[in-house]
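These protein sequence lines map, in sequence, to chains F, S, L, P, Z, H, G, D, E and V. Under the working numbering, the first residue of the first sequence is numbered 1, with each subsequent residue one higher. Under the working numbering, the first residue of the second sequence is numbered 1001, with each subsequent residue one higher. Under the working numbering, the first residue of the third sequence is numbered 2001, with each subsequent residue one higher. Under the working numbering, the first residue of the fourth sequence is numbered 3001, with each subsequent residue one higher. Under the working numbering, the first residue of the fifth sequence is numbered 4001, with each subsequent residue one higher. Under the working numbering, the first residue of the sixth sequence is numbered 5001, with each subsequent residue one higher. Under the working numbering, the first residue of the seventh sequence is numbered 6001, with each subsequent residue one higher. Under the working numbering, the first residue of the eighth sequence is numbered 7001, with each subsequent residue one higher. Under the working numbering, the first residue of the ninth sequence is numbered 8001, with each subsequent residue one higher. Under the working numbering, the first residue of the tenth sequence is numbered 9001, with each subsequent residue one higher. Taking it in order: structure first as structure tokens, then the write-up.
Number of protein chains: 10
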Amino acid sequence: MPDYALLESFPTPSETPFVIEHIAEEFTSVCPVTGHPDFGVVNVTFQPGPPSAGGTCVELKSLKLYLQSFRSEGIYYEAVTNRIRDDLARLMSPAWMVVRTDWRGRGGIRSVIRATSGDVPTIWQK
Amino acid sequence: MPDYALLESFPTPSETPFVIEHIAEEFTSVCPVTGHPDFGVVNVTFQPGPPSAGGTCVELKSLKLYLQSFRSEGIYYEAVTNRIRDDLARLMSPAWMVVRTDWRGRGGIRSVIRATSGDVPTIWQK
Amino acid sequence: MPDYALLESFPTPSETPFVIEHIAEEFTSVCPVTGHPDFGVVNVTFQPGPPSAGGTCVELKSLKLYLQSFRSEGIYYEAVTNRIRDDLARLMSPAWMVVRTDWRGRGGIRSVIRATSGDVPTIWQK
Amino acid sequence: MPDYALLESFPTPSETPFVIEHIAEEFTSVCPVTGHPDFGVVNVTFQPGPPSAGGTCVELKSLKLYLQSFRSEGIYYEAVTNRIRDDLARLMSPAWMVVRTDWRGRGGIRSVIRATSGDVPTIWQK
Amino acid sequence: MPDYALLESFPTPSETPFVIEHIAEEFTSVCPVTGHPDFGVVNVTFQPGPPSAGGTCVELKSLKLYLQSFRSEGIYYEAVTNRIRDDLARLMSPAWMVVRTDWRGRGGIRSVIRATSGDVPTIWQK
Amino acid sequence: MPDYALLESFPTPSETPFVIEHIAEEFTSVCPVTGHPDFGVVNVTFQPGPPSAGGTCVELKSLKLYLQSFRSEGIYYEAVTNRIRDDLARLMSPAWMVVRTDWRGRGGIRSVIRATSGDVPTIWQK
Amino acid sequence: MPDYALLESFPTPSETPFVIEHIAEEFTSVCPVTGHPDFGVVNVTFQPGPPSAGGTCVELKSLKLYLQSFRSEGIYYEAVTNRIRDDLARLMSPAWMVVRTDWRGRGGIRSVIRATSGDVPTIWQK
Amino acid sequence: MPDYALLESFPTPSETPFVIEHIAEEFTSVCPVTGHPDFGVVNVTFQPGPPSAGGTCVELKSLKLYLQSFRSEGIYYEAVTNRIRDDLARLMSPAWMVVRTDWRGRGGIRSVIRATSGDVPTIWQK
Amino acid sequence: MPDYALLESFPTPSETPFVIEHIAEEFTSVCPVTGHPDFGVVNVTFQPGPPSAGGTCVELKSLKLYLQSFRSEGIYYEAVTNRIRDDLARLMSPAWMVVRTDWRGRGGIRSVIRATSGDVPTIWQK
Amino acid sequence: MPDYALLESFPTPSETPFVIEHIAEEFTSVCPVTGHPDFGVVNVTFQPGPPSAGGTCVELKSLKLYLQSFRSEGIYYEAVTNRIRDDLARLMSPAWMVVRTDWRGRGGIRSVIRATSGDVPTIWQK
């Protein structure tokens, strides 16, 4: 089950703002209605908070283990997206963050969900 | 024939605004003039209304069945696009919505129609 | 329902062997189990029989109407493929023919079915 | 020769603004200097005028015939683009329109010409 | 765990030989060494045995459930491929069959494994 | 109208066999039934006859003008293909030749026609 | 050597503003340090000045000859880009212009240079 | 180890602002935790400072050698990106600069890091 | 330096012949003449020897470490390819094997080298 | 002018047969009729002769300089291809060789020429 405790972070290495994008192409969870697996791509883009404000960056291996913890979870697309957004925002206190999940879909319809945290600049909203 | 009653929705799961995109790649209806089938892709992108304002999200399987209900309907490109926009706006009361239909075309000309509801942010208009 | 009577042909225009490939990218039928629509591409490749042996070529518009006649038919992938092969072989008496159907699939699995008539040269079998 | 009389239109089917894009991938005319044929793609994108203001939408088959009427015309890229813009603006009185022609080119140089009518929103200008 | 009992089949619908290709793009199992998930595409191509010889075709939904049964299994690439080949050959008695697994890989190396059953024609071996 | 007299050739420049492929991506003719233009790609591949046997190679500019001479001709796909094959075989006496026409299609069906002259090696037949 | 005298122009054919893009995919010059050839794509995009202000458009064939005149010139990427921008601005007096050169590169690094003239609208700057 | 001394520059060749983009597709460094190599693409985009303000442009061959100096360095993605940004900003005093590193990734997650210097125009920030 | 001792193997898991393809997309070595790094993709395809004949399969992680051992080696394309072929053939005693290296190239020329061991079936030779 | 003396070679490094493919993507020569430059890709694929028979491999840098020596030469496509084949066969005495030139073309027609030396295996002929 999704496990916040798996996430680790390190202090943002620079006061100068920069942008990080992590693209996890092998995400899978389970549809809570049918029990069939869902497959998707999770994209996390954020400007880390400055170290002087306690901002941190998620550690990559811990992010991988955290995303793997959804593997047996029965959970909707929207809930996956909001959960990741909430957990990573809590972990890192980013200046802003966008979590986008892009699902392979079912029955001829595929979906893309975007959830945000903070004041996302216009060019990063899409 | 297109059937609004097939659509179901669930309350928006979060007060925080987010954006949902459903891409139905297997849409087909019938040309009202020639009787030949038309094939296209229907893209529905919207920011659900907040639950506190009664906003809802369309349920995926009901969306599939609703789109299938156009299968034997003789209807123009523009009417398909406006009808889907009207039905989904009535169902969900979204903050904003874009319905884009992308048709395979006939006679060397293919068409893309975009209809909107509410105040669509600039970056989502195209 | 699939209707052989819609098919028309014209005499092969040359005694010299040649190869024709028709690719119908907008095929749709209905799954006999679930009632949901199936979408696919139908590829018909053949060497027409020589006119001296009564060989003919399927007329393009009649092929379109024939393929449209599957639109409301509940029928399996294999049966679609074999039915088209049987009807076109009966119509044209080709030297050889390959009918390949390439389906968009369901539940993460897509399928390709190949049925043949006559002695297909090796390079055309795949 | 390009023939405005071939164009037909129908009243815009909705007061709510929407955007239509027609992409004609099989356009050909003749170079007035060399007499060799030119090949290109014509893209017409517009927001139809509202029906209350007499706005109309070009009918697709008439658009096809109109574009075919350039087939034997000796005419420059710029003139093709401006002519289509002028004729369609006169026909439809759109809120705004962009005509883009994308040519296969000659001698290692290919060209793209864009002509507009009305006040085109920024995101549609390119 | 991989479960042969999930597989169902139906009699080959035609005496005339034909070829079926099922492409499962959402396969996942677990690396037995690291415990990390593996992701891949499973391609099953076969010529069904003739019905007169008891040949059958695997039923699509049962194939999906069977492949899902590897989801929590710690198993090597080669073993996945051979296991699927063995189970499907036992189920269907095909004239010939190729099982190809195409893995996303780890550490900059991705792998493709091919296992066969029966006398596979040359053009289908790759 | 298609004009053989436009074709010019030069003696094959080498006794050693070699293979030439000309790909004309801007071919257009007219459908004899509907009067609408057809668009396609013409591929001519051949091994020129040796100069000692009077073999020649088609001159490129003359090939362009010859293909342009179909521009106003009402002619079927098969006839275009066979006509080009016949004219070029008569002009060049090639060791072997394949003429492939690949059409953009109509009504959702596109076609590819292959006509040959002489004893085409297997790998060049497709 | 680059030769301004090769450039010819014609009066802008319309008072209504429009945008022209010429893409020369076969540009080559010589590296002044190593003497090795450089290969690139030159993109010239501009809004011609209005005819009432003496604005002109570069003639295509003269543009081709002008770009060919760099073939034996030893010249840096930046100088090529600025030289073309200067020569074309002098020739045409455009409302605005962007010259972009996109080089195949050397030693694993490829470069793109953009030079402008006049007040380029934001959407055309990249 | 990363060596600033390898970098060389030349005075910006024009007072008129322009934009340079260098794309190094063959970058490699070493992961400081696992010791395994990392592979990525480094994109450096900048508007050189004007020569009147002492602005310079990095010399291409020296940039190649500088980037090669990371080959044996154990260093994190973020540190690579910030280090390159700092060294090039110090060297050139650009009007603005964006350094983007795009990594092939590990364990199914790939990353993109963007660091900037100066006041980057909106369209160049992504 | 390339180190055979890094390679490990395990007994072929099945007597039935099958084919394994490992694709290492992140290979780098050093040019022995210029000292500049070379980058390429290494593809190893083989049919493992049967276990009854002592055949083995290379272990994936050891293959990764072995390929990394070329990182600082000054070595030509041909030598890399032959060395990998020799080391893996010695390790595994495969029924047959193809090692293909595909290099990014230098100075506008890229190269592909193929070395083999044993009697490679025709369809695997290219 | 094309200069054989620029070519250098080294002894084939192995008695075991292998295949080398060099792809020069930046070839240019001049059309002897119009004087306009031609651009193409030159692919040289060969099995070097064994060292015991005096077989050699062309040295890469010398191949680059040799191909650059066509830069100002007025020469037909066929002559370029045959000349390269003749010069490299003379230099290397390969077991077999294929020289393929793939030209960007003129007037809507592009060409591919293949010339060979020795007994080329079937799979390498195309």
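Think of the CB as a built atom: it goes at the ideal place given N, C-alpha and C, for glycine as much as any other residue. Given the structure is predicted, the values throughout are model-derived calculations rather than measurements.
- DSSP places residue 3072 of chain P outside any beta strand (DSSP E), giving it a letter other than H or E.
- Residue 4104 of chain Z sits close to residue 4040 of chain Z, with the two beta carbons spaced by under 8 Å.
- Any Cβ of chain S closer than 8 Å to the Cβ of residue 59 of chain F would place that residue at the interface, and such an atom is absent.
- Around residue 2070 of chain L, the same chain offers 2002 and 2029 as residues with beta carbons nearer than 6 Å, after the five sequence neighbours per side are excluded.
- Beta-carbon to beta-carbon, residue 8037 of chain E and residue 8015 of chain E are separated by about 43 Å, too far to satisfy the 8 Å threshold.
- In this structure, DSSP gives residue 7086 of chain D a helical state, which the three-state scheme calls helix.
- Residue-level contact by beta carbon fails for residue 6073 of chain G and chain V, as no gap is shorter than 8 Å.
- Around the beta carbon of residue 8119 of chain E, a 10 Å sphere encloses fewer than 16 other beta carbons of the protein chains shown; the residue is thus reported as exposed.
- For residue 1047 of chain S, the beta-bridge partners assigned by DSSP are S/1096.
- Under the Cβ criterion of 8 Å, residue 4104 of chain Z is counted among the residues facing chain F.
- Below 8 Å, enough C-beta pairs join the segment 3017-3025 of chain P and the segment 3058-3065 of chain P to call them touching: three or more.
- Under the three-state reduction of DSSP, residue 3016 of chain P is assigned to coil, being neither helix nor strand.
- Across the structure, residue 5121 of chain H and residue 1033 of chain S are spaced so that their CA atoms are roughly 49 Å apart.
- One thing to note: residue 5081 of chain H has its Cβ within 8 Å of the Cβ of residue 5115 of chain H.
- By the neighbour-count definition (other C-beta atoms within 10 Å, threshold 16), residue 77 of chain F is a buried residue.
- Close to residue 9064 of chain V, with beta-carbon spacing below 8 Å, lies no residue of chain H; the smallest spacing is near 24 Å.
- Closest in alpha carbon position to residue 5004 of chain H, among H/5109, H/5087 and H/5108, is H/5087.
- One alpha carbon belongs to residue 7112 of chain D, the other to residue 4008 of chain Z, and they sit about 46 Å apart.
- Chain H has no Cβ within less than 8 Å of the Cβ of residue 9083 of chain V.
- In this structure, the alpha-carbon of residue 43 of chain F lies about 8 Å from that of residue 102 of chain F.
- Chain-ordered, the chain P residues with CB closer than 8 Å to the CB of residue 9036 of chain V read 3107.
- Annotation: the continuous beta strand (DSSP E) that includes residue 3115 of chain P extends over 3109-3118.
- Listed by position along chain D, the residues whose Cβ is nearer than 7 Å to that of residue 6045 of chain G form an empty set, because the closest Cβ is around 14 Å away.
- By the CB criterion at 8 Å, residue 3123 of chain P and residue 1125 of chain S fall inside the cutoff.
- Nearest neighbour of residue 2108 of chain L by Cα position, chosen from Z/4060, Z/4072 and Z/4056, turns out to be Z/4060.
- In the structure shown, the three-state DSSP call for residue 5080 of chain H is helix.
- Taking 8 Å as the Cβ-Cβ cut-off, the segment 5001-5025 of chain H approaches chain V at 5013, 5014, 5016, 5017, 5018, 5019, 5020, 5021, 5022, 5023, 5024 and 5025, given in chain order.
- In the three-state scheme derived from DSSP, where H, G and I count as helix and E and B as strand, residue 56 of chain F is classed as strand.
- Below the 7 Å Cβ cutoff, chain F contributes 18 and 19 as neighbours of residue 7114 of chain D, in chain order.
- By the rule that beta-carbons nearer than 8 Å mark a contact, residue 2124 of chain L touches chain H.
- Taken through DSSP and simplified to helix, strand or coil, residue 9034 of chain V comes out as coil.
- Contact between residue 4045 of chain Z and residue 4092 of chain Z is absent: CB atoms are separated by about 12 Å, not below the 8 Å threshold.
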